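Quick note, the sequences are listed as chains A and B, same order. Quick note: the first sequence, position 577, residue 577 per our numbering, numbers continuous. Quick note: the second sequence, position 325, residue 909 per our numbering, numbers continuous.
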Amino acid sequence: MNRETIKRVLNYLGSYRRYLAFSLLLAAVSVALTLYVPIRVGQAIDTILGKGNVDFSALFFHLAVAGGCALCAALLQWLMAVINNKITYEVVRDIRSDAMKHIQKLPLSYLDSHAYGDIVSRVIADVDQFADGLLMGFTNLFTGVITILGTLVFMLLLDPLITLVVVLLTPLSLFVARFIANHTYEMFRAQSVTRGQQTAVIEEMIGNQRVVQAFAYEKKALAVFDEVNDRLAKCSLQATFYSSLVNPTTRFVNSTVYAAVALAGAFAAIGGSITIGGLSCFLSYAGQYAKPFNEISGVVAELQNALACAARMFDFLDSTAQTPDDPDAAVLQTVAGNVELSQVSFSYKPEQSLIENLNLQVEAGRRIAIVGPTGCGKTTLINLLMRFYDTVQGDIRIDGHSVRNVTRASLRKNFGMVLQETWLMQGTIRENIVMGKPDATEEEMIAAAKASHAHSFILRLPKGYDTVLSENGDELSQGQKQLLCITRVMLCLPPMLILDEATSSIDTRTEIKIQDAFSRMMKGRTSFIVAHRLSTIRDADRILVMKDGHIVEQGTHQELLEQNGFYKHLYESQFAPVASGQTR
Amino acid sequence: MFKLLRFMKGYQKECVLAPLFKMLEAFLELLVPLVVAAVIDNGIPHKDTGYLIRMCLLLVFFGLLGLTCSVCAQYFAAKTAVGFTAKVRHALFAHMQSLSYAELDRIGTSSLITRMTSDTNQIQNGVNLTLRLVLRSPFVVFGAMIMAFTIDVKAASIFALIIPVLSVIIFGIMLRSIPLYRQVQIRLDQVLSLTRQNLTGVRVIRAFCKEEEQIHRFEEKNNKMAAEQKHVGRISALLNPFTYVVINLGIIGLVYTGAVRVDAGVLTQGAVVALYNYMSQILVELIKLANLIINITKSIACGNRVQAIFEEHSSLALCEETCESVAEAFAKGACVEFDHVTFRYRDASADMLHDICFTAAAGETIGVIGGTGSGKSSLVSLIPRFYDATSGSVKICNKNVKDFPPDALRRAIGVVPQHPVLFSGTIRSNLCFRKEDATDEELWEALSLAQAEDFVRRLPDGLDAPVSQGGKNFSGGQRQRLTIARALVGNPKLLILDDSASALDYATDAALRRALASLPQNPCCFLVSQRTASLMHADRILVLDDGKLVGEGTHEQLLSFCKVYREIYDSQFKKEAHTK
C-alpha cells in the first residue's frame, strides 16, 4: 500500500527527471562546498598558534577560500530550492489536473453517491499536505543524504578510527525514527480521513447556509460540526505529537554520538594523532553529520503524512471511471432522431429494480410527453437517453446506432437538454449562453436570447451580456436561470430535445411567449418532454404514461382519454382544478 | 492574525511551558561548546583521562535532560496547536452561521470552505512550529552571542553586528512573501470553486460535452496557482542562502579578529574554537528556522484570511430582544405589515423592490404572483430577515422585524425555500430541524399535510430512512414535499412557501393547498407561485411587476382591475381553453 503509493509518486516525478537530476547535482556540489568551508576555517584556526605566532598570510588565504566557497554554496542552494519548488508545485498541479480529468470521466453513479465535500477535500487539502511533505522531502532528504555521505568522506580523510565510532552509532537514530514513523502513518491516515469527513460537513452546511439559517438550525449544525471537529482534534493531536517525537529522540541519540566522538577525539589528541584544529573541525563534522539524520527523521514523519494524503488522492484517482468509449466507436453525425429502446432494464441499486423490460419506438420529429407520478422513472429515462447511466440490460438505438457503439460526446451533442435544476457556471452570461456553440456570433446569441425572452432581463443587468455570475448564479432568480438554460439550447439547436420541467420556474406569461419559440424549435426535432402543464402534454404526438418503471399506457391525449385507464384517472385528478378554473 | 490569539485562552499554561521547555533544551545545547572547550583546554594538555570521561558523561546527561525537555515541549506545543485550531474552527463555523445572506453572497461558498479547511490546517501547523521555535531560536542566537561575550568582548562584537542584519533579512523576506502567500490562497479558492462546480454541474457539463473545456479552465487556474507558488517559493528560498552567507562572513570576521587577539596574547586558541562553535550553532539554528519561517509566513497569511471572516459582521441590524419575546409576540397569531419597503441587493444597480406597502392579518393566506425576476422571492425573504430592507420597515405583530433576533424569528416561521435541499441523515433528522423533540405523531402529521406520507410509509425504514447529501436519493417532487413537511413541523404561526410546489403535479398541489387551509393553528401564510390556479383561492393576492406592487386583492377583484394579473391568468387558461 505504502510502497504502491511511493511508486505512483515516483511516476509523477518521472517527467521531471532532468530537473531532479539537476537538483541532485546542485545538492551534491553545494553540500560539498558547505562541508569544505569548515575545513578551510579549521585550517585557518590552525594558523593561530599563540601570542605572536600567527601566520596571517596563510590565514587570509584560507579565509578567502572559505568565503568564496560559502558564496558559491549559497547561490547553488538557492538554485536548488527554485528547482525543487518547480518540481513540487508542478507535480501537484499535474495531480490536480488529473483529478479534474478523472472527475469528468467518473460515472454519475459514483458522483451521485459520494459526498462532494470529501472529493473536494481530497483534491484540495490532501494534495496540499502532500505538496508540503514533498517539498520538505526534496529540500531535506537530498541534502541530508548527500551531507551524510560527504561528511563521511571528509571524516575518513581526517581520522578513520573516530569515523568508525560515528558510523557505527549514528544509524541508531534512523532505527528509532523508523520505529516511530511506522506508527504515525496510521495516525496521519486517520487524520486525513477525518479531515475529509469534516470537509463534507462543511460543504453541506456552509454550502446550504441559507437553508440552515431559514430553519434556525445553526446550533444543531454547529453541534454536528463540533462532533467531527473534536474527533479531528484528537486524531490531529495524536499524529502531531507522535510524529514530533522523532526529532528529540534522534537528537538524543546523536548527542550521545557527539559525546563519544569528543571522547575518542580527545584521546586521539592526547595521543597526538590529531591537532586541536583538526579536533574542532571533526567535532563540527560530527555535529553536521548528525544534523541530517535529525532532519531526515523529521522528514520521515512528515512524509508519512504526505503519503497518507497521497494515498487518499490516488484512491480517488483509482475509482473506476465510466467504461471508456469503444475505441472504434463511431462518431454520431447529425441524426434524424429515430429513437428505439428495446428490452431496457435498469436499476440504481441491484436489489431494487426500477425499469424493467422497457420497449419504445419514437420516429424522428415526434414530440413525446412523459407523465406519471413522482418517482416513476421519468428522470431515469432521461439519464439513460443521455447515457449518464448505462442500461443494465437491453439497448437504446438512435437512427439504428446503439448508443454503446457511438462516442458519448457525439451522442450528447445530438441532444439539447434543459433540466428543472438549473446550473450555471461561474463566468459571464455570454459564456453561459454560448456553452453549446462557442463560435456563435453576437447576432445569433442575441436572437436566441430574444427567442427565449431572456434578452430584456439580461440587458437590465449591470453589464448586460458581460455580467459575471457568481458560483451558483445566486444573483439571478430561479426563473431567470431557467431562461438562460433555455437560451443555451435555443442557440445550438440539436436534432433531439430533452425538456425536464424546463419551464417550471418561469412565469406563465413569459412561458406563453417562449412557447412559440419552443414550438418552432421542436418542429422536426424528436423531443422528450417531462411536464406538469397540460398544454405541453396535449400537443404531444404521443404521451407515455409511466408507473413504477413501466410504460403503462401510451397514445395521443384523445386516445388515452378514451382508453379510460390510468391516464384518464391521472388527468382527472391532476388537471381537474385547472379545467374547473377555466370555466369561471 | 494576532487577533486570533484570543483563541489561545485556556492554553496559556501550555503556551508558556512549550517554549520554556524548548528553551531549556536549547540552554543545554549551549553548554555543550563550553564542555568541549574545557576538554580541549584542560583535559587534553593535562592528559587527564578521568576528567575527559567525566566531561563526556556530562554531555550524555545533558542529552538525556534535553530529550525530556523536548518531549514535554513537543507535547505542549502539539496540544496547544491542535486545541487552538479546533477552537478557531469551531468559532469560525459558528461565526459563518451568523452571517446574513448578503455576506454569504459576497464571500462565496468556496472561499468559506477553503478558509475552514486549508487555511486552518496551515494555522495549526504554524502555531505548532512557532511555539517550538518562538523562544528557542532567539534564545539560541542571543544565548550564543552572550556566551561569546563572556569569552571575549571585542571578538564577540561581530555577533552583535550580524544578528541585526539577520533579523532584517528574515523579516524582510517574511513581509515580502506574506501577501504573495495570500494570493496563493485566493487561487486555491478558485481551484476549489471550479472543482465544486464540476461536481454540481456534472450533468450539464456532460450534456454539452464541455468536459475538455472545463479541464482547460481548471488547468488555466491550476497553472496560475503553480506559477504563483513558484514565485513566492523563489523569494522565500532566498532566506537560507542569505543567512548562510552572512554567517560565514561573520565566521571569517571572527576568525580574523580572533587571530589578531591571539597574536596580541589576549585570547587562547581554544577560545577561538569556542567562538567559532557558537557561530556555527547560530548557523545551524537559523537554517532550521529558515525552513520553518516559510511555514510560519504561510500561516500568517492564512490567519489573516480567517481573521477577515471574523471581521465580517452580519449586516442585519442588532437587536436586544430575546427568544421569549418572539414566542410571546407570535402566541396569538402573526400578522405582517410592509410599510414603504424598498430593497436593493448590495452592488446592484437598481431596486429589487420599490416602495411596497401591504398588511396581512393573522390567519390570512396571501398569494404573491409576478413575472420572472419581479421580486417575489426577495419580498418574502425580507420577512424572516434573510435580508434587511434598505428602507421602510417590515413589521410582524406590529413590531419591526429588526427588533427580533434573526434566529428566534426564523424558528417561529415555517419557510419552504425554492430550492429543495435536504441534509444527509434520516428523514426524521431532516424533519426535526426546527423542533428537535417533535414526536412521531407530529412528524407523520406534517408529512401527511405535505402529501408526503404515502411515499415515506412505503420506505422500508419509514421516518428513519437514510437521506444522502443534498437528498440525492429522492426525486425532485419527493424532496419538495419533504421540505414542505419540514416547515410544517412545530405548527408555525407564519408560513412562507416560496414557489415550493413547482415540482408537484396539480392534484398534489391542490391537496396541499386544502391541507394548508385546514391547519389548526390558522397561520398567516404566504404563497409564492407562478400559477394563478395555486393562488386564486388565497384571501388576497399581491401582484408584483418589476419590483413594484401593481395590484392587491382577491382573484375576482384583480381580474377586473389589474392588467398584469389578467395577463398572467389569461396566459395560463386561455391557451388551454383554446387548445381544448
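Ideal Cβ positions, reconstructed from N, Cα and C, are used throughout, including at glycine. Source: prediction; values computed, not measured.
_Check whether glycine 394 (chain A) and serine 345 (chain A) have beta carbons under 8 Å apart_ = Translated into positions along the first sequence, residue 394 (chain A) becomes position 394. Translated into positions along the first sequence, residue 345 (chain A) becomes position 345. Closer than 8 Å, so yes.
*List in chain order: all unbroken beta strand (DSSP E) runs of 3+ residues lying wholly within the region 517-566 of chain A.*
526-530, 542-547 and 550-555
*Between the region 1017-1047 of chain B and chain A, which residues of the former have a C-beta closer than 9 Å to a C-beta of the latter?*
In summary, the residues of the region 1017-1047 of chain B whose CB is separated from some CB of chain A by less than 9 Å are Phe1017, Arg1018, Glu1020 and Phe1039, in the order they occur in the chain.
*Residues of the region 775-795 of chain B with a CB closer than 8 Å to any CB of chain A: list them in chain order, please.*
Val775, Leu776, Ser777, Leu778, Thr779, Arg780, Gln781, Asn782, Leu783, Thr784, Gly785, Val786, Arg787, Val788, Ile789, Arg790, Ala791, Phe792, Cys793, Lys794 and Glu795
*Run down chain B in chain order and give the residues with a C-beta less than 7 Å from the C-beta of serine 121 (chain A).*
In the first sequence, counting from the first residue as 1, residue 121 (chain A) sits at position 121. Going along chain B in sequence order, the residues near serine 121 (chain A) (Cβ under 7 Å) are Thr701.
_Beta-carbon contacts of isoleucine 770 (chain B) that lie in its chain and below 7 Å, excluding the five residues immediately before and after_ = Within the second sequence, residue 770 (chain B) is the residue found at index 186, counting from 1. Contacts found: none.
*Can you list, in chain order, the stretches of the alpha helix (DSSP H) that have 4 or more residues and sit fully within the region 184-217 of chain A?*
For the region 184-217 of chain A, the continuous alpha helix (DSSP H) assignments of 4+ residues that do not extend past its boundaries occur at 209-214, in sequence order.
_For leucine 937 (chain B): DSSP bridge partner residues_ = Reading the second sequence from its first residue, position 353 is the one you call residue 937 (chain B). Paired residues: B:Phe927.
*Keeping to the same chain, check which residues put their C-beta closer than 7 Å to that of alanine 874 (chain B); ignore five residues upstream and five downstream.*
Position 290 of the second sequence, counted from the first residue, corresponds to residue 874 (chain B). Counting only Cβ-Cβ distances below 7 Å, and skipping sequence neighbours, we find Leu823, Asn824 and Thr827.
*So, is arginine 969 (chain B) buried or exposed, given that buried needs 16 or more other C-beta atoms within 10 angstroms?*
Numbered from its first residue, the second sequence carries residue 969 (chain B) at position 385. So arginine 969 (chain B) ends up on the buried side.
*Is there at least one Cβ from chain B nearer than 8 Å to asparagine 405 (chain A)'s Cβ?*
Locating residue 405 (chain A) in the first sequence gives position 405, counting from the first residue. No, because no Cβ of chain B sits closer than 8 Å to the Cβ of asparagine 405 (chain A).
*Under 8 Å between C-beta atoms, does alanine 892 (chain B) make it to chain A?*
To locate residue 892 (chain B), count along the second sequence from 1; it is residue 308. Cβ-Cβ to chain A under 8 Å: no for alanine 892 (chain B).
*List the endpoints of the continuous beta strand (DSSP E) containing lysine 979 (chain B).*
Reading the second sequence from its first residue, position 395 is the one you call residue 979 (chain B). That run of the beta strand (DSSP E) goes 975-980.
*asked:* Could you tell me the alpha carbon to alpha carbon distance between serine 741 (chain B) and isoleucine 754 (chain B), rounded to whole angstroms?
replied: Within the second sequence, numbered from 1, the residue matching residue 741 (chain B) stands at position 157. Within the second sequence, numbered from 1, the residue matching residue 754 (chain B) stands at position 170. Looking at the two C-alpha atoms, the distance is approximately 21 Å.
_Minimum Cβ-Cβ distance from glutamine 596 (chain B) to chain A less than 8 Å_ = The residue labelled residue 596 (chain B) in the question sits at position 12 within the second sequence. Taking Cβ atoms only, chain A never reaches closer than 8 Å to glutamine 596 (chain B), which makes this a no.
*Span of the alpha helix (DSSP H) around lysine 413 (chain A)*: If you number the first sequence from 1, residue 413 (chain A) lands on position 413. Run containing lysine 413 (chain A): 408-413, per the alpha helix (DSSP H) assignment.
*leucine 900 (chain B) bridges to which residues according to DSSP?*
Mapped onto the second sequence, residue 900 (chain B) falls at position 316. Answer is none; leucine 900 (chain B) lacks a bridge partner.
*Assign alanine 821 (chain B) to buried or exposed, taking buried as 16 or more other Cβ atoms, counted over all protein chains shown, within 10 Å of its Cβ.*
For the purposes of this step, residue 821 (chain B) is identified with residue 237 of the second sequence, where counting begins at 1. With 16 or more other Cβ atoms within 10 Å, it is buried.
*Output yes if chain A places a C-beta closer than 8 Å to the C-beta of proline 722 (chain B); else output no.*
Against the second sequence, residue 722 (chain B) aligns to sequence position 138. No, proline 722 (chain B) does not count as interfacial toward chain A.
*8 Å Cβ cutoff, isoleucine 835 (chain B) in contact with chain A*: Locating residue 835 (chain B) in the second sequence gives position 251, counting from the first residue. Yes - at least one Cβ of chain A is within 8 Å of the one on isoleucine 835 (chain B).
_Taking 8 Å as the limit between beta carbons, can you name the residues of its chain near serine 243 (chain A), skipping five residues before and five after?_
Numbered from 1 along the first sequence, position 243 holds the residue referred to as residue 243 (chain A). Take serine 243 (chain A), set aside five residues on each side of it, and the residues of its chain with a beta-carbon closer than 8 Å to its own are Ile180, Ala181, Thr184, Met187, Phe188, Ala301, Glu302, Gln304 and Asn305, in chain order.
*Quick one: does proline 603 (chain B) have its CB under 8 Å from some CB of chain A?*
Mapped onto the second sequence, residue 603 (chain B) falls at position 19. So no, proline 603 (chain B) is outside the interface.
*Report the option in A:Glu431, A:Ala336, A:Lys291 and A:Ser470 whose CA atom is closest to the CA atom of valine 31 (chain A).*
By 1-based counting over the first sequence, the position of residue 31 (chain A) is 31. Of the candidates A:Glu431, A:Ala336, A:Lys291 and A:Ser470, the one whose C-alpha sits nearest the C-alpha of valine 31 (chain A) is A:Lys291.
*Could you list which residues in chain B have their beta carbon closer than 7 Å to that of aspartate 315 (chain A), in chain order?*
Locating residue 315 (chain A) in the first sequence gives position 315, counting from the first residue. Chain B residues near aspartate 315 (chain A): none, gap ~16 Å exceeds 7 Å.
_Give me the residue from A:Thr194, A:Leu497, A:Arg367 and A:Val392 with the minimum Cα distance to alanine 308 (chain A)._
The residue you call residue 308 (chain A) lines up with position 308 of the first sequence. Answer by Cα proximity: A:Thr194.
*Following the continuous beta strand (DSSP E) through aspartate 159 (chain A), name the residue where it begins and the one where it ends.*
Counting from one through the first sequence, the residue named residue 159 (chain A) turns up at place 159. Aspartate 159 (chain A) -> no beta strand (DSSP E), and no H or E assigned at all.
*Give the secondary structure of alanine 670 (chain B) by DSSP, where H, G and I count as helix, E and B as strand, and everything else as coil.*
By 1-based counting over the second sequence, the position of residue 670 (chain B) is 86. Three-state result, alanine 670 (chain B): helix.
*Would you please state the rounded distance, in angstroms, between the beta carbons of threonine 88 (chain A) and phenylalanine 138 (chain A)? I believe it to be under 8 Å.*
The count along the first sequence starts at 1 and reaches residue 88 (chain A) at position 88. The count along the first sequence starts at 1 and reaches residue 138 (chain A) at position 138. About 6 Å separates the two Cβ atoms, so the contact holds.
*Checking contacts by CB at 8 Å: is methionine 592 (chain B) closer than that to chain A?*
As a working note, residue 592 (chain B) is residue 8 in the second sequence. By this cut-off, methionine 592 (chain B) is not an interface position.
*asked:* According to DSSP, simplified to helix, strand and coil, what is arginine 1170 (chain B)?
replied: Given that chain B is displayed from residue 585 to residue 1164, the structure contains no residue 1170 (chain B) and the question cannot be resolved.
*asked:* When you compare the CB of glutamate 1151 (chain B) with every CB in chain A, is at least one pair closer than 8 Å?
replied: On the second sequence, position 567 is the one that residue 1151 (chain B) refers to. Taking Cβ atoms only, chain A reaches closer than 8 Å to glutamate 1151 (chain B), which makes this a yes.
*Output, in chain order, the set of chain B residues within a Cβ distance shorter than 7 Å of alanine 223 (chain A).*
For this step, residue 223 (chain A) is matched to residue 223 along the first sequence. Chain B residues near alanine 223 (chain A): none, gap ~10 Å exceeds 7 Å.
*Is it buried or exposed for lysine 663 (chain B), if we count other Cβ within 10 angstroms and need 16 for buried?*
In the second sequence, the residue the question calls residue 663 (chain B) occupies position 79. Classification for lysine 663 (chain B): buried.
_Beta carbons nearer than 8 Å to chain B: which residues of the region 501-520 of chain A have them?_
Those residues of the region 501-520 of chain A that come within reach of chain B (Cβ to Cβ, closer than 8 Å) are Glu501, Ser504, Ser505, Ile506, Asp507, Thr508, Arg509, Thr510, Glu511, Ile512 and Gln515.
*Return the first residue and the last residue of the alpha helix (DSSP H) that valine 1134 (chain B) is part of.*
Reading the second sequence from its first residue, position 550 is the one you call residue 1134 (chain B). Where valine 1134 (chain B) is concerned, there is no enclosing alpha helix (DSSP H), although the beta strand (DSSP E) it sits in stretches over 1132-1137.
*Excluding the five sequence neighbours on either side, which residues of its own chain have a C-beta within less than 7 Å of the C-beta of valine 619 (chain B), listed in chain order?*
Here the question's residue 619 (chain B) lines up with position 35 in the second sequence. Only Met639, Leu642 and Leu643 meet the Cβ criterion.
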